[in-house]
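Numbering (our numbering), first residue to last: 251 to 526.
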Ligand code: C2E
Ligand code: MG
Ligand code: MG
Ligand code: MG
């Protein structure tokens with residue numbers, strides 16, 4: 251699909267790269283230096299209010315343009331970063347970048363945009379994770395309620411009370427908690443009930459299914475009803491066209507994210523989008 255978006259500013263990679271098999275060890279060896287070599291970048295994808303269709307916040311998504319290996323997608327290197335522990339430094343880098351970029355953006359605009367940052371379970375297992383997050387967000391001067399941490403359900407599978415305690419602590423500090431990739435893997439009632447969620451993000455695969463499968467639609471509609479009763483807002487991912495928009499409307503979704511509005515883009519492109 252890269253051909254359709256071959257505009258220079260979008261760091262989009264083509265199908266060849268998506269499918270090319272780069273050896274894990276090669277990724278690992280190069281990833282160690284990626285931070286030092288300044289090869290890692292954070293891109294931002296707008297999250298739009300379904301009611302006003304205005305941008306409310308951005309999801310920060312890491313990008314790696316390796317001098318040696320070319321563009322590598324997060325799906326290919328995040329698991330390796332987790333396995334090697336490199337995700338600790340990489341995660342801190344993304345958080346710092348994202349908070350300071352959005353804080354700066356907000357200083358120059360009337361709007362107060364929020365930012366969502368993906369967090370790995372490996373980061374959550376670190377003892378100092380919660381204090382580090384607070385330190386980073388405070389240093390950036392981004393109001394804490396404008397930061398949201400995206401966690402996935404697989405993290406909660408560990409049943410780790412320690413992780414749960416950190417999530418509650420951060421939520422009590424006014425940082426948002428979002429349940430990412432809902433509908434994939436291990437979705438359970440348990441997580442919906444026990445986590446202090448601000449948002450549920452419906453994964454793009456279930457959004458897609460909801461267009462062709464009426465029962466999936468009904469189930470997601472019920473999730474939205476539950477969420478609202480529990481004071482949780484719902485974000486739909488992977489909004490690519492009008493069909494998704496109509497489905498989202500019918501479900502009562504609060505926020506929309508997807509290529510229909512914008513792909514993830516670099517800092518200068520964010521400013522351009524907001525100036526329009
Ligand atoms: P995610 O958090 O679920 O992020 C959404 C993914 O969907 C992103 O892929 C985004 O580019 C893609 N996407 C957004 N809209 C559309 C659409 O309309 N259609 C399609 N087909 N795709 C869409 P990306 O950037 O490749 O990231 C993949 C995953 O890598 C993320 O999934 C997240 O789990 C992980 N990731 C990305 N950045 C970070 C990071 O900084 N830290 C951690 N721990 N994980 C990250
Ligand atoms: Mg996410
Ligand atoms: Mg997601
Ligand atoms: Mg996802």
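Virtual Cβ for every residue (Gly too), placed ideally from N, Cα, C.
| query | result |
| --- | --- |
| Whose beta carbon lies closer than 6 Å to any heavy atom of ligand 3, going through the chain in order? | 430, 431, 451, 453 and 487 |
| Residue 370 by DSSP, collapsed to three states: which one? | coil |
| Give a single yes or no on whether residue 400 has its beta carbon closer than 7 Å to a heavy atom of ligand 1. | yes |
| Measure the alpha-carbon distance for residue 311 versus residue 390 and round it to whole angstroms. | 18 Å |
| From residue 496 to residue 331, what distance separates their C-alpha atoms? | 38 Å |
| Could you work out which residue in 526, 432, 338 and 491 is closest to residue 453 when comparing CA atoms only? | 432 |
| Identify whether residue 475 lies in helix, strand or coil by the three-state DSSP scheme. | helix |
| Ligand 2 heavy atoms versus the CB of residue 368: any closer than 7 Å? | yes |
| Are the beta-carbon atoms belonging to residue 429 and residue 388 less than 8 Å from one another? | no |
| Determine whether the beta carbon atoms of residue 337 and residue 385 lie at a separation below 8 Å. | no |
| If you reduce the DSSP assignment to three classes, tell me which class residue 511 lands in. | coil |
| Return the chain-ordered ranges of every alpha helix (DSSP H) run that is complete within the segment 373 to 440 and spans a minimum of 4 residues. | 379 to 390, 403 to 407 and 411 to 422 |
| To the nearest angstrom, how far is the alpha carbon of residue 507 from that of residue 439? | 24 Å |
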